[in-house]
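4 protein chains.
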Amino acid sequence: MCGIFAVSAAKDNILDDLFLGTFYLQHRGQQYCGLSTYAGDGIKIRTHRGLVRATFSDDLTGLEGRMGIGHAALKDRQPIKLDSKMGEFTICFEGNIINLAELIDELKKQGHSFYTDSDIEVIAKLIAQGDDFVSGIESMAGKIRGAYALIILSRGKIYAARDKFGFRPMIIGKKDGAIAVASESCSFVNLGYEIVRDVRPGEILEVEDGELKTVKVLPSDLVQYCTFEWVYTANVASTIDGMPVDIARRNLGACLARRYPVKADIVGAVPNSGIGHAIGYAQESKIPFDNVFIKYDYASRSYTQPTQAERDREAKIKLIPIPAKIEGRKVVICDDSIVRGTQMKNDLVVKLRKNKVKEIHAMIACPPLRAPCLYGVATRSKKELVAHEKTVEQLREYIGVDGLAYAELEDLSRSIGKPLEQLCTSCWTDAYKV
Amino acid sequence: MCGIFAVSAAKDNILDDLFLGTFYLQHRGQQYCGLSTYAGDGIKIRTHRGLVRATFSDDLTGLEGRMGIGHAALKDRQPIKLDSKMGEFTICFEGNIINLAELIDELKKQGHSFYTDSDIEVIAKLIAQGDDFVSGIESMAGKIRGAYALIILSRGKIYAARDKFGFRPMIIGKKDGAIAVASESCSFVNLGYEIVRDVRPGEILEVEDGELKTVKVLPSDLVQYCTFEWVYTANVASTIDGMPVDIARRNLGACLARRYPVKADIVGAVPNSGIGHAIGYAQESKIPFDNVFIKYDYASRSYTQPTQAERDREAKIKLIPIPAKIEGRKVVICDDSIVRGTQMKNDLVVKLRKNKVKEIHAMIACPPLRAPCLYGVATRSKKELVAHEKTVEQLREYIGVDGLAYAELEDLSRSIGKPLEQLCTSCWTDAYKV
Amino acid sequence: MCGIFAVSAAKDNILDDLFLGTFYLQHRGQQYCGLSTYAGDGIKIRTHRGLVRATFSDDLTGLEGRMGIGHAALKDRQPIKLDSKMGEFTICFEGNIINLAELIDELKKQGHSFYTDSDIEVIAKLIAQGDDFVSGIESMAGKIRGAYALIILSRGKIYAARDKFGFRPMIIGKKDGAIAVASESCSFVNLGYEIVRDVRPGEILEVEDGELKTVKVLPSDLVQYCTFEWVYTANVASTIDGMPVDIARRNLGACLARRYPVKADIVGAVPNSGIGHAIGYAQESKIPFDNVFIKYDYASRSYTQPTQAERDREAKIKLIPIPAKIEGRKVVICDDSIVRGTQMKNDLVVKLRKNKVKEIHAMIACPPLRAPCLYGVATRSKKELVAHEKTVEQLREYIGVDGLAYAELEDLSRSIGKPLEQLCTSCWTDAYKV
Amino acid sequence: MCGIFAVSAAKDNILDDLFLGTFYLQHRGQQYCGLSTYAGDGIKIRTHRGLVRATFSDDLTGLEGRMGIGHAALKDRQPIKLDSKMGEFTICFEGNIINLAELIDELKKQGHSFYTDSDIEVIAKLIAQGDDFVSGIESMAGKIRGAYALIILSRGKIYAARDKFGFRPMIIGKKDGAIAVASESCSFVNLGYEIVRDVRPGEILEVEDGELKTVKVLPSDLVQYCTFEWVYTANVASTIDGMPVDIARRNLGACLARRYPVKADIVGAVPNSGIGHAIGYAQESKIPFDNVFIKYDYASRSYTQPTQAERDREAKIKLIPIPAKIEGRKVVICDDSIVRGTQMKNDLVVKLRKNKVKEIHAMIACPPLRAPCLYGVATRSKKELVAHEKTVEQLREYIGVDGLAYAELEDLSRSIGKPLEQLCTSCWTDAYKV
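Listed in order, the protein sequences are those of chains G, W, S and X. If you count by my numbering, then the first sequence holds residues 37 to 470, one letter each, in order. If you count by my numbering, then the second sequence holds residues 37 to 470, one letter each, in order. If you count by my numbering, then the third sequence holds residues 37 to 470, one letter each, in order. If you count by my numbering, then the fourth sequence holds residues 37 to 470, one letter each, in order.
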């Protein structure tokens, strides 16, 4: 999971937009970040471990320029910078290469050596073998299996490309004299960019001096949008491939309210991921939306927490129940999904019961998760997924709630407004269409 | 503004509770924090610039003990540690001393010299002149004019005291074998402490080995609870002097809905301070609660931002409007109060208009602010208060909304459930009862 | 052990001189440092843990001024800043108060409370009780027993004072329009200050606008200069109370060569403390001076090493023998003193023997150390001093050298050029004249 | 300029030896350092900006192993780690590749891309194209023009190689069960390694389990030892290609005393580089060696100073003259060489004159520098070399001394004990034998 952002202006320094545009993708990755810009001389690049705002707040000087790319990631430092026969360039991407090991072996046999074992180095090396960036991207796309949305900054041009299945979102924005390409449109809202359109599956774009050009579209019979973007991943202020995220979530909440009506006093959310769904449930059911839990603002965020144990402890610190709102009441609590079920079971339910709730009805905005994601959205094994070998009734008992309901695949299709065959549903079906 | 926390156990190490109890008061002050404990040898103390979790996360070793006090503050490092004829002690407080300069002058004339110009050093020096801590607190209380809630850690005992008017909240919690005293009960919820009662105005408590004793109550004819705690300051999970904060906010929102009914499509909040009020407005008006703005989690928090310019820039980065929810719609937006009006005017309204809202009705959960707070809750001058010399209609025009309404003093009294004469209302009336 | 530096100019910003003047006293204390200046508004102060150049290199901005004081110390952060009836002032000192505990008790009984248990806070509090700084210093001097050289920075004037026995060195320098007062004149050499004279024992100076005035001299029958300054403590570029340190060391080396002539191939030093003595020995004996050990420049210094174990490890890393110079040769090795004897025994002798030295003759530039220093120069107990209960012959065997010789008390008097009764010799005699 | 160190043990953890061995080469490069070890699983690597001891002091955990390599450098982070068909390896080197740009161009044309523009990446990529490490090194040696001494750590073996001209020193040491290879033998002295022999020009060594094997010797008709190692670069405790550095320096000083006898009172040095030469001059001339300048220990070292301006300021801070030793006296002052002459002219001479020296005679231990070094020892242009277009008499006047003398080429040959044709003398002759 990462966020990528690129911006090119006809005349102005884009550094502020680059910094903020990347910052507004921080929810897609919190461990590493990097910015790279070009201002006529060498391509500059700076990467940090940590959050965009924390690490770059005193470190933007010297990065001024009219074009640049940025990255926020969970796992590795990007962009990376390489020098090649096309000259120097920086590159970053969001995605996952399934046949990575094979590609590395083949390159080593050709006499190549590798600094890292990361996807991005392989992608960059493959592109650098092309005659130019476009042929390099096309050739790379022919060799890899997997998902990608990538951006390249060369001396004078930006290239952006989305894989032919459209797994990962990528959207174009513009404002006076400037073009931006981003993982999500939430980066555009406060920066004043207007949505132009999504990058098309398979499309390769060239951006120069604030102007945009499609230089190639790799053909494909199939598109496979990642459904999880609307359910959980994306920011509520974003619109992904034509559907606003917060509307999709409200629709999902409303679907749940129709499928699983309950008698309850209030509808609350697991903040923040369940709020959009809870609003939909409340609006459809006419049961009042209310605070059940609040997220305590100062919990974590200021440093990294890569282990599961640390994430668990964080989770317990983060949410405070509102005793006065729940004591003696029947509560509907909405969330986007259940992965291991431990937060629901060990944190939320425990806190609600301690504060003398009368009934708990958990509403989950997608079907039970049954398979890991091949395309890198999450790396959990099947065994970690609590729904892998339990029925919904067993889950309800395990978690300790009075009611438990899940949205169904048709609810996803209906709420997102796309035919089911265009949505990647493998995490629920364990079947891969690609 | 600060948060203070004290804890004493009969047998167990209290360090985790002290750390988390202080952490859950972080919303009362973000610039400095400190912890002090006693474990039979010398009193230990550690203070930091920065957030409790960020600065203490790797720095708790050696602070183990059965009793301790903690502080989170906006302005100065506390606790401070002094050695005196009663032995060494640490002390911290929340409050404001109005006659500080006079007290310092008098002490200097007696041959005293000062490390700082802070309230806490004067309070500590005054207490250190007593024969013991209780007589010292009593004598200090006789000399100062102002508000305080203080805690002292000596070698073996904790003392806690609240000024006789009860300006600042202070509440007692207990769990098996342990007693805690805190600015707010939100510190108790996740730590498993049960509310015992509020510390009484004028009360001096002694806590030893997890046992609590009232050693003195300074008499007073008048109590003056700070109304702003329920309106804005306190955490929604807290109960202050008997009234749950989130219930008070819901009541205020409902009052506004009855006084100022409007035809609108959705009710939203300025997050997070307006959410409780918005829920009340939505429940009473039957207009659906919905996302209008979201607070972007990664905005600031990880470092300090003491200047107004920085706070303004932060504010604009922090909130993202949800375009799909507001375009073409009539929106009620609730907030706790309007201080300078600049955030509403220059940030919120601008963002809503850019995203093509149809109508904006702002609902403010307290009367127009007309005077600075003598007791240290906020240090703005009258001139900074936008309501100081404008009518509500002028304010509406200035801010650029289609409707603007304020709660009234009786709404506060009714929503909080206390007679108006027990509530300090000076920030709205500019009249001080003390 | 500390170094203190004060400077006042008629017109110019003294910050560079203050910074460098304090830096050149770093050999007197490496753990803490601080600078304080006055520029017409409030007195500024900044203290750090660490070395002057390392910690202040990026942190001088805002300290500009026409007067200031600085401190480099082993044990505590100075200057400290206090506000008093004379207004605010900063103060730092070098010295040791023998009756500290009694003075603290007495002040506590008067209702005073203490931030620290340091000498400087007591000294400052005692001075703050005076009617003005001069009467305050005089009254403080009447109450304490011990050694001090202190400087005070008030709003507009600097005060400097040396105790009536003259234990600690303090010297006055001047250059065009500026007066400096320092622990040692090595601070003056590269800054272009010319030595005016030493501060007299008991003298209280007032410095204002680059002009110097003696405002008081506390009378005394006895002076007691710390002999160790010439033997070890002071920098070789300094002149202390009229005698250049490096001349005194050369004289000591020559005394040793006359008293203990040996047949040897080369004369070397334990760098750096033994170099001056070795040069004297070589010049007098006509045996060539040569490299026996070199100090490896990058050993430590960049961080603090407060424990003995760390200092031992450092010592072993620091010195490299020169194999080609010592193999098969008779070597004289000079050092200033032997404290515990462990470095000589476990490091130097081991390294020389491993590199096949033929004979080792150790020449020590002062008598065997037999008592701790009451005045704070070093805090070792008698038990730690290897010479406390061993004869010279036992010491020679213990250390494992072929010859061992010590300078005698008369050598000190003769080499320094002062009558023995003016020199504090208590570390060798265990007898205190004060 | 860098230092490299490798160590392999049969059984023991070599981390301490690796750390200290690398540390003792710090004088060869102060900006970056790195360590890499192998313990049966993956090869570990850690690099830092800063000094070895400062940056690794808290950062050795996890680097335990039975084999490892280390690097201290002025310009870039090494070792670097690559994965290739021979598996993963780390590599570092000292040297300079003259045809770097051509090699990079050629590799780019073959489809390679580069992370850096450093020598080491090119060297590593060329080696990675071989069938194994030995054939890779041989093939690399056939393609590059320049000087190198390199070490490679693979999974289980260390390779070390010195270019066929022997430009850069490299020496083998052993102790019980362990073999070390280092830039200089000063790394061995305190670690207890005994010198085995120098690595031969053109030799490729394989080290495994504390055992050493010559696997190849690249033939050459010519050797060209860098003369500057004995004059200035190497540590005085080292022996380079059979000649102890400190003996060579004493010989050079003695040559100068014979060639240029002067009547003077004392012989001093520019510390530390001139001390060995001054000792030789004093011993030969019978004029006493004495302190003229001391290096103030706390000047710099704790941080990096890459610009010339900063180095100049440092130089002026670093040396303190000893007023009492020089006033009214005729002084011989020895140094290794004169580059730009600015330190001598603007710092040393100024300080001596200010302190009223009678005469200054500067003795320089090598001929006037007339050409930059192609092999990377120093990167100054001809224009920067003050001797480039001045006679010795002009230099004497320019610098402002009463006498100035240089050693001659024959003095170098005689003092080092090698025929002139084996010594690289291009910095004095501007003629390159290779």
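In this text, a Cβ means the ideal position worked out from N, Cα and C, and glycines have one as well.
Sequence-distant Cβ neighbours of Asn49 (chain G) in its own chain, meaning closer than 6 Å and more than five residues away, are Glu100.
With the criterion set as a beta carbon lying under 9 Å from some beta carbon of chain X, the segment 372-384 of chain S has no members that meet it.
Here the C-alpha atom of Ile163 (chain X) lies approximately 23 Å from the C-alpha atom of Gly76 (chain X).
DSSP places Ser274 (chain S) outside any beta strand (DSSP E), giving it a letter other than H or E.
Rounded to whole angstroms, His107 (chain G) and Val170 (chain G) show a C-alpha spacing of 21 Å. Residues of chain S whose Cβ lies closer than 9 Å to the Cβ of Phe59 (chain X) are, in chain order, Tyr332, Tyr334, Ala335 and Ile353. Taking 7 Å as the cut-off, the beta carbon of Lys361 (chain X) is found closer than this to the beta carbon of Asp326 (chain X). Within the segment 54-80 of chain W, the beta strand (DSSP E) runs of at least 3 residues that lie entirely inside it are, in chain order, 68-74. Residues of the same chain with a CB within less than 6 Å of the CB of Ile353 (chain W), apart from the 5 flanking positions on each side, are Ala335 in chain order. Contact residues of the segment 100-134 of chain W toward chain S are Ile116, Lys117, Leu118, Asp119, Ser120 and Lys121 (C-beta to C-beta distance below 8 Å).
In this structure, the straight-line span from the alpha carbon of Lys161 (chain S) to that of His84 (chain W) is close to 27 Å. Three or more beta-carbon pairs drawn from the segment 117-130 of chain W and the segment 143-160 of chain S are found closer than 8 Å, and the two stretches are therefore classed as touching. Excluding the 5 residues flanking it on each side, Ile311 (chain G) has same chain C-beta neighbours closer than 6 Å at Ala305, in chain order. Residues of chain W whose Cβ lies closer than 8 Å to the Cβ of Asp153 (chain S) are, in chain order, Asp119. From the beta-carbon of Ser149 (chain G), the residues of chain X found nearer than 8 Å are Leu118, Asp119, Ser120, Ala160, Lys161 and Ala164.
Judged by pairs of C-beta atoms under 8 Å, the segment 287-303 of chain G touches the segment 441-454 of chain G, as three or more such pairs exist. Taking a beta-carbon distance threshold of 7 Å, Lys179 (chain G) does not count as an interface residue toward chain X.
Sorting G:Asp372, G:His424, G:Leu388 and G:Lys394 by C-alpha distance to the C-alpha of Ala443 (chain G) places G:Asp372 at the top.
Between Gly238 (chain S) and Lys211 (chain S) a beta carbon distance of about 26 Å is seen, past the 8 Å cut, so the two are scored as non-contacting.
For Val367 (chain W), the secondary structure class from DSSP, reduced to helix, strand or coil, is strand.
Check the Cα spacing between Gly98 (chain W) and each of W:Lys111, W:Ala314, W:Ile133 and W:Ile79: the tightest is with W:Ile79. Residues of chain S with a Cβ closer than 7 Å to the Cβ of Val225 (chain X) are, in chain order, Ile356, Pro357 and Pro359. Nearest neighbour of Asp277 (chain S) by Cα position, chosen from S:Gly202, S:Ala216 and S:Asp112, turns out to be S:Gly202. Of the residues X:His424, X:Ser221, X:Val272 and X:Asn271, the one whose Cα lies closest to the Cα of Leu405 (chain X) is X:His424. Residue range Ser462 to Thr465 is occupied by the alpha helix (DSSP H) that includes Thr465 (chain G), with no beta strand (DSSP E) assigned at that position. In the structure shown, Asp155 (chain X) adopts helical secondary structure according to DSSP, grouped into three states.
Each residue's CA atom was taken as its position, placing Arg432 (chain X) and Asp438 (chain X) some 7 Å apart.
Per DSSP, the continuous beta strand (DSSP E) segment holding Ile133 (chain X) begins and ends at Gly123 to Ile133. Counting along the chain, no alpha helix (DSSP H) covers Lys47 (chain G), and no H or E run does either. Look at Lys144 (chain X): its C-beta is under 7 Å from a C-beta on chain G. In this structure the segment 452-467 of chain W does not lie against the segment 38-53 of chain S, because fewer than three pairs of beta carbons, one per stretch, are closer than 8 Å.
Apart from the 5 residues on each side of it in sequence, Leu355 (chain W) sits with its Cβ closer than 8 Å to the Cβ of Val306, Pro307, Phe329, Ile330, Lys331, Tyr332, Asp383, Leu384 and Lys387 in its chain, given in chain order. Interface annotation, Leu87 (chain S): in contact with chain X, CB-CB separation under 7 Å. Ranked by Cα distance from Pro297 (chain X), the options X:Gly316, X:Cys262 and X:Tyr261 are led by X:Gly316. Restricting attention to W:Ile396, W:Leu421, W:Val367 and W:Tyr151, the CA atom closest to the CA of Thr378 (chain W) is found in W:Leu421. Around the Cβ of Asn135 (chain G), a 10 Å sphere holds fewer than 16 other Cβ atoms; the residue is exposed.
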